[in-house]
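Quick notes on the structure that follows.
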Amino acid sequence: MAMTQAARDLKRAGRDVISLSAGEPDFETPEHIRAAGISAINAGYTRYTPVDGLPALKSAISRRFMADHGLAYKENEITIAPGGKAIIYNAFRATLNPGDEVIIPTPYWVSYPDIVRLCGGTPVIPQTNADARFLLSAEKLDAAITPATKWLVLNSPCNPTGEMYTEENLRALATVLQQHPNVMVLTDDIYEKITFDGRISKTIAGVAGEMKERTLTMNGVSKAYAMTGWRIGYAGGPAPLVKAMAKIMMQSTSNPCTISQYATIAALDGDHSFLTGWNKIYSKRRDFVVQSLNASPLLHCATPSGAFYVFFDCRGALGKTSLSGTYLASDIEFATSLLNEALVAIVPGSAFGAPGFCRLSYAASDELLSQACERILAFCDSLSG
Ligand SMILES: Cc1ncc(COP(=O)(O)O)c(C=O)c1O
Numbered sequence: 189m190a191m192t193q194a195a196r197d198l199k200r201a202g203r204d205v206i207s208l209s210a211g212e213p214d215f216e217t218p219e220h221i222r223a224a225g226i227s228a229i230n231a232g233y234t235r236y237t238p239v240d241g242l243p244a245l246k247s248a249i250s251r252r253f254m255a256d257h258g259l260a261y262k263e264n265e266i267t268i269a270p271g272g273k274a275i276i277y278n279a280f281r282a283t284l285n286p287g288d289e290v291i292i293p294t295p296y297w298v299s300y301p302d303i304v305r306l307c308g309g310t311p312v313i314p315q316t317n318a319d320a321r322f323l324l325s326a327e328k329l330d331a332a333i334t335p336a337t338k339w340l341v342l343n344s345p346c347n348p349t350g351e352m353y354t355e356e357n358l359r360a361l362a363t364v365l366q367q368h369p370n371v372m373v374l375t376d377d378i379y380e381k382i383t384f385d386g387r388i389s390k391t392i393a394g395v396a397g398e399m400k401e402r403t404l405t406m407n408g409v410s411k412a413y414a415m416t417g418w419r420i421g422y423a424g425g426p427a428p429l430v431k432a433m434a435k436i437m438m439q440s441t442s443n444p445c446t447i448s449q450y451a452t453i454a455a456l457d458g459d460h461s462f463l464t465g466w467n468k469i470y471s472k473r474r475d476f477v478v479q480s481l482n483a484s485p486l487l488h489c490a491t492p493s494g495a496f497y498v499f500f501d502c503r504g505a506l507g508k509t510s511l512s513g514t515y516l517a518s519d520i521e522f523a524t525s526l527l528n529e530a531l532v533a534i535v536p537g538s539a540f541g542a543p544g545f546c547r548l549s550y551a552a553s554d555e556l557l558s559q560a561c562e563r564i565l566a567f568c569d570s571l572s573g
């Protein structure tokens with residue numbers, strides 16, 4: 189958000205900045221979903237709903253979980269909130285006591301550790317590495333668990349890496365968790381519909397049935413349906429947890445936007461064929477960006493299977509000096525100088541707990557991506573030392 193703001197400030201000052209720092213699709217919400225929102229307004233669905241969501245939307249969510257993962261959640265096992273972020277907040281707010289630990293593997297979405305801290309818990313951050321596609325191994329999970337561990341957070345496809353856990357990866361993690369029956373899992377599957385190369389996103393409760401009773405399977409409409417502004421997130425999980433999360437909402441947000449809930453029924457139950465087209469566009473952009481960045485001898489970019497980010501290694505550029513005389517000591521100076529001197533906004537990996545890397549969002553037009561890659565390559569070519 190700081191990089192997006194810095195980019196905005198430069199833009200306001202009249203500079204031609206290309207911003208690839210934000211995490212939202214550049215597509216419009218599909219027409220049939222917008223129409224459902226308008227119909228809801230015209231039908232007078234503009235009042236409060238039950239605090240954690242409409243029964244009709246819970247039914248639609250239940251159908252989705254069953255169709256996508258063979259997961260059976262009843263109405264009292266489903267919760268709906270104003271965004272995926274609110275689901276995560278409600279879950280941690282409802283369960284964490286001071287001293288409770290939450291395992292959050294690197295690189296992580298920036299909000300997880302901050303929400304944990306806000307709720308009085310302690311983030312425990314196992315490092316992963318690029319060679320293992322930044323996925324948490326069973327060994328690293330085992331080493332991170334203590335008697336104080338309350339939650340493990342998984343995110344697949346991952347923001348910022350775009351990498352995905354396979355069924356085998358998830359089963360290996362579940363095997364470790366069998367030895368630790370008090371540890372719950374929050375799996376953030378918000379990018380699950382954005383996958384490429386024939387890959388299908390799997391979720392831990394779906395592949396290891398014994399984990400379902402202590403897993404919160406979180407999802408939302410922001411990314412898959414290009415609905416970031418509608419603010420709807422949801423989850424399936426154990427009934428007592430879902431009930432405790434509703435109590436948090438009762439004294440904070442109340443119900444998520446009624447109109448958005450009706451639009452979400454149309455999103456979840458409606459035609460999904462547009463996703464094939466969008467994913468084709470995303471994967472073409474991904475291939476272009478990966479190929480372009482790898483043309484610089486200073487950068488290395490792996491090819492991820494999902495989401496709309498690449499997480500590239502910029503360590504080859506560190507220790508060098510930019511044209512304006514900035515010494516690039518870390519990914520933070522790399523990203524800051526790239527913004528100030530080449531007018532491209534990306535996010536330094538340090539923000540995600542993974543220094544030496546940067547996240548670039550390719551949810552942008554081909555033309556912008558082409559210009560941005562040209563600028564990044566020219567910036568790298570201009571470095572000295
Ligand atoms: C990994 C991850 N989880 C959750 C969210 C939150 O999404 P929402 O807009 O539904 O709050 C985001 C948004 O950037 C995200 O990247």
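In terms of the numbering used here, the sequence shown is residues 189 to 573. No residue lacks a Cβ here, since even glycine has one placed at the ideal position from N, Cα and C.
Apart from the 5 residues on each side of it in sequence, G211 sits with its Cβ closer than 7 Å to the Cβ of N347, S549 in its chain, given in chain order. Between D519 and C546, the beta carbon gap of about 6 Å places them in contact (Cβ cut-off 8 Å).
Rounded to the nearest whole angstrom, the C-alpha separation of L565 and C502 is 12 Å.
If you check the CB distance, R359 and V395 come in under 7 Å.
Environment of ligand 1, chain-ordered: G211, G271, G272, K273, W297, N343, N347, D376, I378, G408, S410, T416, G421, taking every residue with Cβ within less than 6 Å of a heavy atom. Secondary structure note for P301: its alpha helix (DSSP H) is the uninterrupted segment 299-306. Counting along the chain, no alpha helix (DSSP H) covers C445, and no H or E run does either. Runs of the alpha helix (DSSP H) lying entirely within the region 356-405, each at least 4 residues long, are 392-395 in chain order. Under the three-state reduction of DSSP output, S344 falls in the coil class, being neither helix nor strand. By alpha-carbon distance to V239, the top candidate from L571, I388, M437, A423 is M437. Nearest Cα to R222 within the set N285, Q449, R473: Q449.
For A269, the enclosing beta strand (DSSP E) has its first and last residue at 266-269. With the rule of 3 Cβ pairs closer than 8 Å, the region 364-379 counts as touching the region 324-334. Under the 8 Å Cβ criterion, the region 339-353 does not count as touching the region 264-271, having fewer than three qualifying pairs. Between the beta-carbon of S344 and that of D377 there is about 7 Å, and that keeps the pair under the 8 Å contact cut.
Counting the other Cβ atoms within 10 Å of the Cβ of E380 gives 16 or more, which makes it buried. Shortest Cα-Cα distance from R235 to any of E219, R419, P444 involves P444.
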